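Numbering (my numbering), first residue to last: 1416 to 1530. For glycine and all other residues, C-beta sits at the position ideal for the given N, C-alpha and C. What you are looking at is a predicted structure, and each value in this text was computed from that prediction instead of being measured.
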């Protein structure tokens, strides 16, 4: 069983920056695939960014050039740096970890982008 704890969700103005972090309890976190998803109000959950155990990354087109995903295997964390935030980035952001063939989700953290 892997526990995930997200942090960093707050209200921010358009054009601002925010960093989300997710701490995982996985014993061999370095072997896990990790990512961030989000669910905008009234919409389905969607992929934001992933980073593999080999540190390859992939991003949704809507966030390319603005968001950066990273991981720290020594600290068992995965982070999402979000810059140039837009109102359409408003969503609940979820951390995802795939470990030993199972997918785990955090409880989510709310990001609101509004003036």
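- In this structure, 1424 is the residue among 1441, 1442, 1424, 1437 with its C-alpha nearest to the C-alpha of residue 1524.
- When the Cα atoms are used, residue 1519 and residue 1475 turn out to be separated by approximately 20 Å.
- Assigned with DSSP and collapsed to three states, residue 1500 falls in coil, not helix or strand.
- For residue 1514, same chain residues with a beta-carbon under 6 Å away, outside a window of 5 residues either side, are 1417, 1441, 1447 in chain order.
- Excluding its 5 nearest sequence neighbours in each direction, residue 1483 has C-beta neighbours in its own chain below 7 Å: 1496, listed in chain order.
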